[in-house]
Amino acid sequence: MIFLDKSEKAVFKTAFELDQRRIVELAGDRTPYVCQAQSLNIFLKPDVHKKDLHMIHFSAWKRGVKSLYYLRSLSLQRAEVVSHNKKTT
């Protein structure tokens, strides 16, 4: 969104722009107060390395997070197509 300045962009981030390790950390902080489970969605970029994915899951387990509800990522192919959409005249 071009009409937002840098400080506004820092506030209005999309789920894919947030640090997912921090999301897991916050979920771990809530865990003692949750009796069954919480719906925790993880959003990763399409080119995420499998080591990073493993570390997010391991961190959630280590912090006592009972479940990771969804792991969402963008299609790598779709992400590439969007970047090649610009036409030069």
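The sequence shown begins at 249 in my numbering and counts up by one. Heads up, the beta-carbon is just placed ideally off N, CA and C, and yes, glycines get one too.
I believe residue i touches residue j by the beta-carbon criterion, under 8 Å. Please report the beta-carbon distance rounded to the nearest angstrom.
| i | j | result |
| --- | --- | --- |
| A275 | L292 | Rounded, the Cβ-Cβ distance is 15 Å, inconsistent with contact. |
| R320 | I290 | 7 Å |
Do you know how far the Cα of residue j is from the Cα of residue i?
| i | j | result |
| --- | --- | --- |
| A285 | H305 | 16 Å |
| I250 | K257 | 9 Å |
| H297 | E273 | 20 Å |
| D295 | Y318 | 18 Å |
| W309 | C283 | 16 Å |
| H302 | D277 | 20 Å |
| Y281 | R311 | 13 Å |
| S307 | Q268 | 11 Å |
| D300 | L316 | 15 Å |
Looking only at its own chain, which residues have a Cβ that is under 7 Å from the Cβ of residue i, when we skip the five neighbours before and after it?
| i | result |
| --- | --- |
| S323 | P294 |
Quick check: residue i and residue j, are their CB atoms within less than 8 Å of each other?
| i | j | result |
| --- | --- | --- |
| T279 | K254 | no |
| K260 | L252 | This sequence places Phe at residue 260; Lys is not what is there. Contact: yes. |
What residues in its chain sit with their C-beta under 8 Å from that of residue i, if we drop five residues either side in the sequence?
| i | result |
| --- | --- |
| F264 | F291, L292, K293, L322 |
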